[in-house]
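**Student:**
Residue numbers (the working numbering): 244 to 460.
#1: Nearest by alpha-carbon distance to residue 446: which of 439, 456, 455 and 431 is it?
#2: Check whether the region 349-361 and the region 410-418 are in contact - that is, three or more C-beta pairs closer than 8 Å.
#3: Are the Cβ atoms of residue 383 and residue 400 separated by less than 7 Å?
#4: Please give me, in chain order, every unbroken run of the beta strand (DSSP E) with length at least 3 that falls completely inside the region 367-443.
#5: According to the neighbour-count rule (16 or more other Cβ atoms, all chains shown, within 10 Å of its Cβ), is residue 261 buried or exposed?
#6: Of all the options 381, 456, 387 and 419, which has the alpha carbon lying nearest to the alpha carbon of residue 444?
#7: Beta-carbon separation of residue 398 and residue 265 under 7 Å?
#8: Please return the same chain residues whose Cβ sits closer than 6 Å to the Cβ of residue 352, not counting the five positions on each side in sequence.
#9: If you draw a straight line from the alpha carbon of residue 313 to that of residue 332, how long is it in whole angstroms?
#10: Quick one, are the C-beta atoms of residue 448 and residue 440 less than 7 Å apart?
#11: Between residue 405 and the rest of its own chain, which residues show a CB-CB distance below 6 Å, the 5 nearest in sequence each way excluded?
#12: Pairs of beta-carbons, one from the region 329-345 and one from the region 301-312, closer than 8 Å: are there three or more?
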């Protein structure tokens, strides 16, 4: 999966002198520093923690003891984590706090770009196409976003309202977009093959100008 914020050196478009050039991490709002102990675990350990949490939750939800096979699984998974030096009780105690801080990081937008002209690369996801042209679209950080994968967080989606129609060459066409930035939560309906989906968006670019960029494959 190609992500545009790793590819600045490969872009051929030229930045306007008046524009602020941004990459996707620049759109993430500030969140106070917090320790996320789950980042220190590998994928197998994360799975083990999840299973322990599920089994403990099942045990807490009833007055009856766990079935023997579930009790044995809980003991085995707990022992594996302890043998790896992982404090499972601490992790489960921190889970709610870390989840909330991650949510804030995903939702927070930045207001210091409001009313400023910015320029950002991304992939074009049309909201409506008329005779091969669009006047509005979503700008997303990677190919497949919002359709083949869960949508990015709101602060990683930009709703673009163009100054002039743009001839669409393909879905997820790589483009540079330049316009006046405005933060603020909005929702747009995206038409999919199997129905529609409401996409929550953190930024709008108004009167935007779109230009192609190319990868040096």
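Ideal Cβ placement from N, Cα and C applies to all residues, glycine included.
**Tutor:** So, from the listed chains and residues:
#1: 431
#2: Counting Cβ pairs under 8 Å, fewer than three are found: no touch.
#3: yes
#4: 376-383, 401-410 and 416-435
#5: exposed
#6: 381
#7: no
#8: For residue 352, where only same-chain residues beyond five positions count, the Cβ hits under 6 Å are 272, 398, 426 and 445.
#9: 19 Å
#10: no
#11: 378 and 451
#12: no
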